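Protein chains: 2
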Amino acid sequence: MATRDLVVGFDADDTLWHNETIFEQTHERYRALLAHYHDAATVDRTLFATEMRNLDLYGYGVKGFTLSAIETAIQLTAGKIRAKEIRELIELGRSMLAHPVELLEGVEEALGALAGKHRLVLITKGDLRDQERKLAKSGLAPHFRHIEILSEKSPDSYAAIFRRHGIAPADFLMIGNSLKSDILPVLALGGAGAYVPYHITWAAERVADLPVADGRFFQLKTLRELPAVLAALGAR
Amino acid sequence: MATRDLVVGFDADDTLWHNETIFEQTHERYRALLAHYHDAATVDRTLFATEMRNLDLYGYGVKGFTLSAIETAIQLTAGKIRAKEIRELIELGRSMLAHPVELLEGVEEALGALAGKHRLVLITKGDLRDQERKLAKSGLAPHFRHIEILSEKSPDSYAAIFRRHGIAPADFLMIGNSLKSDILPVLALGGAGAYVPYHITWAAERVADLPVADGRFFQLKTLRELPAVLAALGAR
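If you read the sequences in order, they're chains A and B. Just so we're aligned: the first sequence equals residues 328 to 563 in this note's numbering. Just so we're aligned: the second sequence equals residues 328 to 563 in this note's numbering.
Have a look at this one:
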């Protein structure tokens, strides 16, 4: 079988390092703060509705989340929440931004092994400064030829990356924990996708069904299984 | 005289479209909201101090500004500010994000005249989604070969752009309203700068002295004067 040169794209949050767990810890403290007004399910549902309503204007990331959390708290308490508690929410947001970056299992070894053989690209969405800071803290930047921080992951935004870096979609493999953001847009463009679920998936990223893409879709437990995917794709 | 191919970089906020005026309107409403607690000078000074303290964590942009404004309001009222007033601050932030983009005088003509002759690059700093939205609203995107949205403008971040796009610093002219962000880093790398002051300069962007860079530094009143700058640089 002829071997191929692949370009390998990696998502960042919950693919290379823990992220949704930090949001989950914040959600717990948020429910506790509002516990004598509403049950946890109402708090979660209302906060999520606010986030979705604000998403187009705020985009992804901690700052928009914090603003939505303050707005929801005012709404759910009919304006009775105290300034002191709102200051706690601002502090919660700040501690999320300042949180240490904790790599997922096997990430350094997987990137180290691939970087010598393939062109690696980091493709993440979210807040520019926060993503840059997490990448710097992670120590992983030297493995990547290109860093792409997007406001949204869509077929159009992947296609723009392919054009910018001269990547043929058929020679591209994207690895990530979100079917919606990392896998489906790349499959739609003719690339391959390796889905590595994280143990929590943010509601906004959930999709109903696994994609069908013969020989171009893979599901892994950890990045340690990547060599088998590359072999299946006929990579060098 | 031999003619040269120049790459021309443009800043966006307060160079291509009005921005600081929107912040100034918000500041006025902010001072009014806190007027029975503190005089305007104290409000301005305290808000600016909060913004500077949060800048490393939040970066530039409306969402970080809004969070700093809420934090400052809680501080300046010793926690007496009402949730209803904090909701007003959130609304103020949202209306800044949703504000129409108003181009500065002469911008469309200047870009239209240059785009046919030179490679134009938009180089802006701030919030990714907000800058993308303003660019889309402006209708100016088709004039630019590359769009670069940075979290900070420094000699390093300009040098990275030069490498990415194969730009020789000596053939680069940057145009913008901030000496600190648009002009000084480019002069330091050996490029040329055209400074076009806006009628308001945010305190964080102010520098004491005009740069001295023989034949590489220009100060303009409007972008209508650009052809003379390009002629002085020996451009085609």
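We put the beta carbon where it would ideally sit given N, CA and C, even for glycine. A quick note: this is a predicted structure, and the numbers were derived from the prediction, not measured.
DSSP three-state assignment for residue i, whether helix, strand or coil
i                      : result
residue 391 of chain B : helix
residue 500 of chain A : strand
residue 543 of chain A : coil
residue 471 of chain B : coil
residue 520 of chain B : strand
residue 562 of chain A : strand
residue 421 of chain B : helix
residue 372 of chain B : helix
residue 476 of chain B : strand
residue 450 of chain B : strand
residue 466 of chain A : coil
residue 483 of chain A : helix
residue 334 of chain B : strand
residue 365 of chain A : coil
residue 328 of chain A : Low confidence applies to residue 328 of chain A: its pLDDT is 47, below 50, so where it sits in the model is not reliable enough to give any reading.
residue 512 of chain B : helix
residue 445 of chain A : coil
residue 439 of chain B : helix
residue 405 of chain A : coil
residue 382 of chain B : helix
residue 555 of chain B : helix
residue 548 of chain B : coil
Own chain residues within Cβ distance below 8 Å of residue i, not counting five before or after
i                      : result
residue 508 of chain B : 338, 452, 480 and 532
residue 434 of chain A : 343, 344, 467 and 550
residue 455 of chain B : 476
residue 534 of chain B : 506, 507 and 511
residue 460 of chain A : 424
residue 381 of chain A : 391, 394, 395 and 398
residue 360 of chain B : 400, 412, 415 and 416
Cut-off 6 Å between Cβ atoms - residues of its own chain near residue i, not counting five sequence neighbours on either side
i                      : result
residue 328 of chain A : Low confidence applies here, because residue 328 of chain A scores a pLDDT of 47, under 50, leaving its location unreliable and the question unanswered by this model.
residue 336 of chain A : 448, 450 and 501
residue 515 of chain B : 482
residue 367 of chain A : 358
residue 378 of chain A : 395
residue 521 of chain A : 502, 545, 547 and 556
residue 393 of chain A : 420
residue 385 of chain A : 391
residue 426 of chain B : 349
Contacting residues, own chain, Cβ-Cβ under 7 Å from residue i (five flanking each side not counted)
i                      : result
residue 430 of chain B : 343, 344 and 465
residue 347 of chain A : 341, 525, 527 and 529
residue 397 of chain B : 413 and 416
residue 424 of chain A : 389 and 457
residue 299 of chain A : A question about residue 299 of chain A goes unanswered here, because the residues of chain A that appear run from 328 up to 563.
residue 356 of chain A : 419
residue 504 of chain B : 338, 341, 342, 523, 524 and 525
residue 571 of chain B : The structure shown has nothing for residue 571 of chain B, since chain B only spans 328 to 563.
Proximity test, residue i beta-carbon vs the ligand FMN heavy atom, cut-off 6 Å
i                      : result
residue 425 of chain B : By its list of ligands, the structure shown contains no ligand whatsoever, and the ligand FMN lies outside what it can speak to.
According to DSSP, residues forming a beta bridge with residue i
i                      : result
residue 350 of chain A : According to DSSP, residue 350 of chain A bridges with nothing at all.
residue 529 of chain B : Note: residue 529 of chain B sits in no beta bridge, so no partner.
residue 430 of chain A : A:344
Residues, ordered as in the chain, of the stretch 381-399 of chain B that lie near chain A by beta-carbon distance below 7 Å:
384, 385, 386, 390, 391, 393, 394, 397 and 398
So, do the stretch 550-561 of chain A and the stretch 478-491 of chain B have three or more beta carbon pairs nearer to each other than 8 Å?
no
Hey, is the stretch 464-477 of chain B in contact with the stretch 396-409 of chain A, meaning 3+ C-beta pairs nearer than 8 Å?
no
Contacting positions in the stretch 424-443 of chain B - beta carbon closer than 9 Å to chain A
424 and 425
Taking any Cβ of chain A, which residues in the stretch 337-363 of chain B have a Cβ under 7 Å from it, in chain order?
none
So if I threshold CB-CB distances at 8 Å, which residues from the stretch 499-511 of chain B count as touching chain A?
none
What residues in the stretch 463-480 of chain B bring their beta carbon closer than 7 Å to a beta carbon of chain A?
476 and 478
Is it a yes or a no for the stretch 338-347 of chain A touching the stretch 454-468 of chain A, going by three-plus beta-carbon pairs under 8 Å?
yes
Residues, ordered as in the chain, of the stretch 406-417 of chain A that lie near chain B by beta-carbon distance below 8 Å:
406, 407, 408, 409, 410, 411, 413, 414 and 417
Residues of the stretch 530-555 of chain A whose Cβ lies closer than 9 Å to any Cβ of chain B, in chain order:
none
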